[in-house]
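Residue numbers (my numbering): 1237 to 1560.
Just so you know, even glycine gets a beta-carbon here, dropped at the ideal spot from N, CA and C.
Quick caveat, the model's predicted, so the values are computed rather than measured.
Input: a single structure, listed below in structure tokens.
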């Protein structure tokens, strides 16, 4: 495995307190001179009374309502596969922002975690298992049976993409997801037509497809030039694309079926999702049964969930209150 070079591996120099940088002689001199300095104000500090309010009673303190500050919302995660992303979007439609934040946080940090600094492969796959159970807990708490079924099928598909991820360095992961997706006004993902164009080009015009691949490897502007080349070819061969569409759809179905056969990690499977207390307790018990995992890392994840108030697993609000 490559040696880790990310910022987490950097060793920071300890901040030395000021008292450690001053010698004992210097400290004694400071104490000696401090006592000899005359105060700037000999009179004690006092609040002067306003003559117009003299003799009146002090007003009762006013009650102020607590202010709720939203720290931030989690950015939605899209894999680029319409049948997966849209099932999650539909399940979260009309739900609270807190639930959406919880679900997308699971996708970012558990199922498709990019920075895996300090995690072994066993830790990473166990984290995916934990993410699936967290999603199932949320589904049991906030979704009806029909919605839960489609939602969990999509979540497990995302988890399978995570299981198939590969390390590109000591602490970075790469997954088979799209980094640019097409969304409509309802945040539904639409399949990228470029894949269909390239599928037909590869089958019907192999020489042009080789040109496309060559252009794509060109430094700096290669991706843009290759995309325009493919679009121009597609506009001239719409009939060919339409003729190959059934085979293209069949291949996409086969790829999805292949994804469903990927085995998921079962470290935390079967956790009690009836309540938050029972869920966290069962997660702890299952963790104790897997001593090969980094116990401190997973206990930290559990502590974050336990510190979040209410039934949610992730807190995104700060309550500020005070009296005048």
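Rounded distance between the beta-carbons of residue j and residue i, thought under 8 Å
{"i": "residue 1424", "j": "residue 1322", "result": "5 Å"}
{"i": "residue 1364", "j": "residue 1501", "result": "6 Å"}
{"i": "residue 1353", "j": "residue 1407", "result": "4 Å"}
{"i": "residue 1436", "j": "residue 1467", "result": "The pair is not a contact, with the Cβ atoms about 13 Å apart (cut-off 8 Å)."}
{"i": "residue 1373", "j": "residue 1509", "result": "4 Å"}
{"i": "residue 1409", "j": "residue 1401", "result": "5 Å"}
{"i": "residue 1545", "j": "residue 1516", "result": "Going by Cβ atoms, the distance from residue 1545 to residue 1516 rounds to 14 Å, so no, they are not a contact pair."}
For residue j and residue i, the rounded distance between their alpha carbons
{"i": "residue 1479", "j": "residue 1433", "result": "12 Å"}
{"i": "residue 1258", "j": "residue 1519", "result": "50 Å"}
{"i": "residue 1377", "j": "residue 1488", "result": "33 Å"}
{"i": "residue 1455", "j": "residue 1431", "result": "22 Å"}
{"i": "residue 1443", "j": "residue 1449", "result": "10 Å"}
{"i": "residue 1315", "j": "residue 1413", "result": "5 Å"}
{"i": "residue 1512", "j": "residue 1342", "result": "16 Å"}
{"i": "residue 1375", "j": "residue 1331", "result": "11 Å"}
{"i": "residue 1486", "j": "residue 1527", "result": "44 Å"}
{"i": "residue 1429", "j": "residue 1490", "result": "18 Å"}
{"i": "residue 1524", "j": "residue 1497", "result": "29 Å"}
{"i": "residue 1451", "j": "residue 1411", "result": "24 Å"}
{"i": "residue 1308", "j": "residue 1329", "result": "19 Å"}
{"i": "residue 1530", "j": "residue 1503", "result": "13 Å"}
{"i": "residue 1262", "j": "residue 1533", "result": "45 Å"}
{"i": "residue 1464", "j": "residue 1313", "result": "27 Å"}
{"i": "residue 1551", "j": "residue 1494", "result": "36 Å"}
{"i": "residue 1446", "j": "residue 1389", "result": "37 Å"}
{"i": "residue 1336", "j": "residue 1499", "result": "26 Å"}
Minimum C-alpha distance to residue i - residue among the options
{"i": "residue 1473", "options": "1505, 1438 and 1546", "result": "1438"}
{"i": "residue 1522", "options": "1507, 1403 and 1546", "result": "1507"}
{"i": "residue 1547", "options": "1514, 1362 and 1529", "result": "1514"}
{"i": "residue 1327", "options": "1315, 1362 and 1381", "result": "1381"}
{"i": "residue 1470", "options": "1242, 1361 and 1441", "result": "1441"}
{"i": "residue 1339", "options": "1495, 1387 and 1493", "result": "1387"}
{"i": "residue 1310", "options": "1334, 1532 and 1505", "result": "1334"}
{"i": "residue 1484", "options": "1526, 1427, 1496 and 1552", "result": "1427"}
{"i": "residue 1492", "options": "1320, 1337 and 1404", "result": "1320"}
{"i": "residue 1505", "options": "1324, 1263 and 1361", "result": "1361"}
{"i": "residue 1384", "options": "1446, 1350 and 1325", "result": "1325"}
{"i": "residue 1404", "options": "1499, 1351 and 1503", "result": "1351"}
Min CB distance residue i to chain B below 8 Å
{"i": "residue 1400", "result": "No chain B appears in this structure, which consists of one protein chain only."}
Meets three-Cβ-pair contact criterion under 8 Å: the segment 1459-1476 and the segment 1344-1361: no
Length-filtered (4 minimum) alpha helix (DSSP H) runs lying within the segment 1328-1400: Correct list: 1333-1342, 1357-1378 and 1381-1399.
Contact the segment 1338-1350 vs the segment 1367-1375: 3+ CB pairs below 8 Å: With contact defined as three or more Cβ pairs closer than 8 Å, the segment 1338-1350 and the segment 1367-1375 are in contact.
Given 8 Å, three or more beta-carbon pairs between the segment 1526-1541 and the segment 1393-1401: no
Ordered list of alpha helix (DSSP H) runs contained in the segment 1398-1466, each at least 4 residues: Here the runs fully enclosed are 1429-1440 and 1442-1452.
Ranges of the alpha helix (DSSP H) found wholly within the segment 1463-1520, counting only runs of at least 4: 1474-1496
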